[in-house]
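K.L.:
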Amino acid sequence: MKLRELAERLACRLEGDGEVEITRVAGIEDARAGDLTFLANSKYESALTATRASAVLLRDDAAAAPCAMLRTRDPYLAFARAVGIFAPEWRPAAGVHPMAAVAPDATLGEGVSIGAFVSVGAGASVGDRTVVFPNVTIGPGTQIGTDCIIHSNVSLRERVTIGSRVILQNGVVIGGDGYGFARRGDGTHEKIPQVATVVIEDDVELGANTTVDRPAIGQTRIASGTKIDNLVMIGHGVKVGRNVLMAAQVGIAGSTDVADDVVFGGQVGVGGHLQIGRGAVAVGQSGVTNSLDPGAMVAGYPAIDNREWRKASVVFRRLPELKKRIEALEARIAALTARAGAADPGDPRE
Amino acid sequence: MKLRELAERLACRLEGDGEVEITRVAGIEDARAGDLTFLANSKYESALTATRASAVLLRDDAAAAPCAMLRTRDPYLAFARAVGIFAPEWRPAAGVHPMAAVAPDATLGEGVSIGAFVSVGAGASVGDRTVVFPNVTIGPGTQIGTDCIIHSNVSLRERVTIGSRVILQNGVVIGGDGYGFARRGDGTHEKIPQVATVVIEDDVELGANTTVDRPAIGQTRIASGTKIDNLVMIGHGVKVGRNVLMAAQVGIAGSTDVADDVVFGGQVGVGGHLQIGRGAVAVGQSGVTNSLDPGAMVAGYPAIDNREWRKASVVFRRLPELKKRIEALEARIAALTARAGAADPGDPRE
Amino acid sequence: MKLRELAERLACRLEGDGEVEITRVAGIEDARAGDLTFLANSKYESALTATRASAVLLRDDAAAAPCAMLRTRDPYLAFARAVGIFAPEWRPAAGVHPMAAVAPDATLGEGVSIGAFVSVGAGASVGDRTVVFPNVTIGPGTQIGTDCIIHSNVSLRERVTIGSRVILQNGVVIGGDGYGFARRGDGTHEKIPQVATVVIEDDVELGANTTVDRPAIGQTRIASGTKIDNLVMIGHGVKVGRNVLMAAQVGIAGSTDVADDVVFGGQVGVGGHLQIGRGAVAVGQSGVTNSLDPGAMVAGYPAIDNREWRKASVVFRRLPELKKRIEALEARIAALTARAGAADPGDPRE
């Protein structure tokens, strides 16, 4: 594709030769002739002077590059779209594979693709143009919206609701039984039947092998636009708001409410029955044991204000030295007291 | 169901109108007319006064509620049973799906249900009334007891033993190879064949995408009544006792013994070759690097006594202030010493 | 097998009765007559004196045992090989199961075994003698080398490259979409198409339910000989070197480079865009937020030098006591100052 045409499709301002042919999008250091690259982070500016790319996406106000330029307010967003323009077509053909098992009363929309070894339970429905890859199990009564992509080996349990344009990476489990037990008098645990359901709203994406549990009563819900990475655990009865981001291996215990626009770094753990306020951020590996105010930014375990935690962490590594300084002070004050020939009311030896 | 009948089935004492029709179990805030709710935690007492539920499960000695009451010693246990009474029937029909692959010499008990795309290996056996959902793989020689529920996409490897009434949520892997390698002289790693087996005893439940590894020698074993949440890793050769609870994303390294009644919070990590004493508790995200005495309660990394850890954590966030106070003390003592016109034996500048 | 023959096959020096019949390899405490055991760790020396094993593998210079001995420079390596000698045969027959779905243009090598409910996509290829267990999905264009073992319920996405002698435990996902989104002006997130690929080199092993994501551009790569445990997350664009070891539940964020011979303990988290130097070690649960020098050994969060962290951790638990000692010092110095009748320039009250 000519750079001129690409500029139009990406709504960027072209500087330089619009006739150059672009065939790929590449990183700033890997790029070669025929590639479009991008500069979204100023720390790669020096790499840009050496790039062999034919063209670069960069901010309106960025310094000029040694190649053709596509200028835009948000180069990273334009990069995202450029990748899509050059992406290989992957969509499998519509239709139901002869080795799928679709219940007679299941409903399949127009243009649906059902792969091999997919099981669609009684009363389930799959919306128009949704693609279901091989080895997926869709439980009875489960409803899936339009234009979803369900990758292989996903398990959707019974009576789960999935919105439209939802993407489930491989191995996702939605609607597994929540971890709910009541202790009997003899110390054994009685299972509380987890028979309520899970709702995944529109435009949600869940990463590979992530699990979203169903509760005994009420529902587990992930609101529209939320994007969750791999191996995350969403406990039973958790409510996740809109446009939330969770990096890999986050775990959220049961019945916690996570408001819109929250961000959790990787491996964050969040306790049960908490309220996480809108836009709150927990940095990677934080352990959130209390509810968070809107806009809070926390770190550590137990999680505290991020700046406070950073300052304390700096001192933490100097603890052995501080301990020695305390010991030195104790020795000095004992010596001073002795020299003054006076009793020392604060001396623990008295 | 009339409340009077429900009271009988739950062995609760009825106070109020036994003729009210109950159709659902619901949380105290979501409940409406026709619902049974419960009060197991006193912090929800105020919500109870406003509930629209038709009836409530509560303790024998709890204050009266504004609706009919079912009184019992343990409302949470009665709640668990009430949920079961109203649960929708989910059990698939007995029989083998025509698109299952069952080895000719595999043994299937009475009333077994084998779903689509299930593979049952040579010499495997499945006990009476056990349900195997679609896309499960049961390896050769694996033995499964009676009344188990094996959800979709579970992998049971070769020669694994599963007891009765075991519930495996979707994506569980039992008998994957343990992580065992011997370092060669050239720095590469030689695989130690992991050919021993795994035993899961009766009444165990494992959460979605949890993995239990097989060892090279000996066995990995999870004893009866233990309940494990999602995405947990049980290393090769680990022995887990009875009625143990492990929340999500716990990881236990190889050859550790976990005694009966232990409780691990979410994301706890436990080192290898340790002894975790009966009833020990590790709070969420703890890193257990040493064996624990029976009844110990630990937190932090490295995990220490929980009360000690809590007290130290409170001081942790004040570390920058403590450092300043030490600096102030040093300045004050230097000034005092100078004024005394005397050498200060403890002053590091001397 | 006679011990004499075993000694030859393991290249060990025999001391004692070579005619004893060995039927199994067992741990030093579980071993009984007919078993070979091993002593690789001196802390089990006392157990050796009580072993009922018929023979033991031990170091050339170890004290004599009360049974026949196979001496070698590296008993653990010999143990690994002995386990293999006694391992049951597990290999399924070559051929394609009648209920597999292999694309007409897929290429299968000689001696390949394709299990039930395996889907092999268009243009994919599977090398000689590779075994694919049931319920595996192999995406279009994916290339798998020779002598691999792909366990059940693995998902290999489109256009992924797998080397030779690779072992993928059950539930592994390779080539799931990386977690890449660009924020739009309205706070929603636009998916960056993850259309580049993943390369797994020769002799790699990945544990159960581990996930390796594909990036938008460039590639994710795991170099030869690297062994990764269960439930690990390798982010998009990560490069992992040769002979790296990662214990369970490690998470590595996008675009980080991990050099050869690195070792990560369980539940380690590593930030994105970092450089982890050759042979660096991060102990369990570390949170690595900065690049690491070759040979570094770190712990804690944020991860710091391991010895420094250990020393600081020892003081951490004494923080409440140190705080009291600081308070005592403040009281003592105030008293001394008052007695001296002098102003105290360091007293914060002045």
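Residue numbers (this note's numbering), protein chains in the order written: chain R, 365 to 714; chain L, 365 to 714; chain S, 365 to 714. The beta carbon of each residue, even a glycine, is placed where N, CA and C say it ideally should be.
Decide if the region 579-597 of chain R is in contact with the region 608-627 of chain R; the criterion is three or more beta carbon pairs, one per stretch, under 8 Å apart.
P.N.:
Under the Cβ criterion (8 Å, minimum of three pairs), the region 579-597 of chain R counts as touching the region 608-627 of chain R.
K.L.:
Excluding sequence positions up to five away, which residues of its chain have a Cβ less than 6 Å from the Cβ of L:Phe-402?
P.N.:
Leu-421, Pro-439, Phe-443
K.L.:
Using three-state DSSP, classify S:Glu-714 as helix, strand or coil.
P.N.:
Because the pLDDT at S:Glu-714 is just 41, under 50, the model does not fix this residue reliably, and the value given afterwards should be weighed accordingly. S:Glu-714 falls in the coil class under three-state DSSP.
K.L.:
Quick check on the DSSP output: the alpha helix (DSSP H) that includes R:Phe-450 runs from which residue to which?
P.N.:
Taken as a continuous stretch (DSSP letters only), the alpha helix (DSSP H) holding R:Phe-450 covers 439-450.
K.L.:
Using a C-beta to C-beta distance shorter than 8 Å, which residues of chain S count as neighbours of R:Thr-701?
P.N.:
Arg-696, Leu-700
K.L.:
Checking the sheet assignment: what are the DSSP bridge partners for L:Ala-465?
P.N.:
L:Ser-483
K.L.:
Where does the unbroken alpha helix (DSSP H) through S:Ile-690 begin, and where does it stop?
P.N.:
683-703
K.L.:
Counting Cβ pairs, one atom from each stretch, are 3 or more of them under 8 Å apart for the region 517-536 of chain R and the region 561-578 of chain R?
P.N.:
Two segments are said to touch when three or more pairs of C-beta atoms, one from each, lie closer than 8 Å; by this definition the region 517-536 of chain R touches the region 561-578 of chain R.
K.L.:
Since S:Ser-489 and S:Thr-471 are thought to touch, with beta carbons under 8 Å apart, how far apart are those beta carbons, to the nearest angstrom?
P.N.:
4 Å
K.L.:
Can you check which of these residues, R:Ala-417, R:Arg-445, R:Pro-658, R:Arg-696, is closest to R:Gly-391 by C-alpha distance?
P.N.:
R:Ala-417
K.L.:
Check whether the Cβ of S:Pro-666 lies closer than 8 Å to any Cβ atom in chain R.
P.N.:
yes
K.L.:
Should L:Ala-411 and L:Glu-383 be called a contact, given that it needs their Cβ atoms to be closer than 8 Å?
P.N.:
no
K.L.:
For S:Pro-498, does the count of other Cβ atoms within 10 angstroms reach 16, so buried, or fall short, so exposed?
P.N.:
buried
K.L.:
On a Cα-Cα basis, can you pick out the residue from S:Gly-664, S:Leu-683, S:Ala-446 that is closest to S:Arg-674?
P.N.:
Ranking the options by Cα distance to S:Arg-674, first place goes to S:Gly-664.
K.L.:
Anything in chain S within Cβ reach of L:Asn-573, meaning under 8 Å, just list it in chain order.
P.N.:
Gly-535, Asn-573, Leu-595
K.L.:
For the beta strand (DSSP E) that S:Ala-546 lies in, which residues bound it at each end?
P.N.:
545-547
K.L.:
Would a C-beta distance cut-off of 8 Å place R:His-600 and R:Thr-574 closer than the cut-off?
P.N.:
no
K.L.:
Given a cut-off of 8 Å, decide if R:Gly-479 and R:Ala-464 are closer than it, judged by their beta-carbon atoms.
P.N.:
yes
K.L.:
So with Cβ pairs under 8 Å, would you call R:Met-365 a contact of chain S?
P.N.:
no
K.L.:
Shorter than 8 Å from the beta carbon of S:Glu-714 to some beta carbon of chain R?
P.N.:
No answer about S:Glu-714 holds up, because its pLDDT of 41 lies below 50 and its placement is not dependable.
K.L.:
Out of S:Thr-436, S:Pro-462, S:Gly-549, S:Arg-396, which has the shortest C-alpha to C-alpha gap to S:Cys-333?
P.N.:
Residue 333 of chain S is absent from the model: chain S starts at 365 and stops at 714.
K.L.:
In its own chain, which residues sit with a C-beta less than 6 Å from the C-beta of S:Asp-621, not counting the 5 before and 5 after it?
P.N.:
Lys-603, Gln-639
K.L.:
Between which two residues does the beta strand (DSSP E) harbouring L:Thr-767 extend?
P.N.:
There is simply no residue 767 of chain L to check, as chain L begins at 365 and stops at 714 in what is shown.
K.L.:
Output, in chain order, the set of chain S residues within a Cβ distance shorter than 7 Å of L:Gly-615.
P.N.:
Ala-612, Gln-613, Gly-630, Gln-631
K.L.:
Do we get a CB-CB distance below 8 Å when we pair S:Gly-625 with the residues of chain L?
P.N.:
The sequence given here has Asp at residue 625 of chain S, not Gly. Interface flag for S:Asp-625 against chain L is set, since a Cβ pair is found closer than 8 Å.
K.L.:
Just the Cα atoms here: how many angstroms apart are S:Ala-660 and S:Val-645?
P.N.:
6 Å
K.L.:
If we cut at 8 Å on Cβ distances, does R:Ser-677 have a partner in chain S?
P.N.:
With respect to chain S, the C-beta atom of R:Ser-677 has a partner C-beta closer than 8 Å.
K.L.:
Figure out for me which residue from R:Gln-649, R:Asp-669, R:Gly-648 has the closest Cα to the Cα of R:Leu-656.
P.N.:
Ranking R:Gln-649, R:Asp-669, R:Gly-648 by CA distance to the CA of R:Leu-656 puts R:Asp-669 first.
K.L.:
Looking at the unbroken alpha helix (DSSP H) that takes in S:Val-679, where does it start and where does it end?
P.N.:
Note, S:Val-679: alpha helix (DSSP H), 670-680.
K.L.:
Between which two residues does the alpha helix (DSSP H) holding S:Ala-371 run?
P.N.:
367-374
K.L.:
Report the neighbours of L:Val-389 on chain R: residues whose CB is nearer than 7 Å to its CB, in chain order.
P.N.:
Neighbours of L:Val-389 on chain R, chain order: Ile-581.
K.L.:
Under 8 Å, Cβ to Cβ, is there at least one residue of chain S near L:Arg-396?
P.N.:
no
K.L.:
Which same chain residues end up closer than 7 Å to S:Arg-547 when comparing Cβ atoms and leaving out the 5 residues on each side of it in sequence?
P.N.:
His-553
K.L.:
So is R:Ala-414 buried or exposed if we call it buried at 16+ other beta carbons inside 10 Å?
P.N.:
Residue environment for R:Ala-414: exposed (fewer than 16 other C-beta atoms within 10 angstroms of its C-beta).
K.L.:
Strictly below 7 Å CB to CB, what residues from chain S border R:Tyr-440?
P.N.:
Ala-546
K.L.:
State the Cα-Cα distance for the pair L:Cys-431 and L:Gly-380, rounded to the nearest angstrom.
P.N.:
Distance between the alpha carbons of L:Cys-431 and L:Gly-380: 7 Å.
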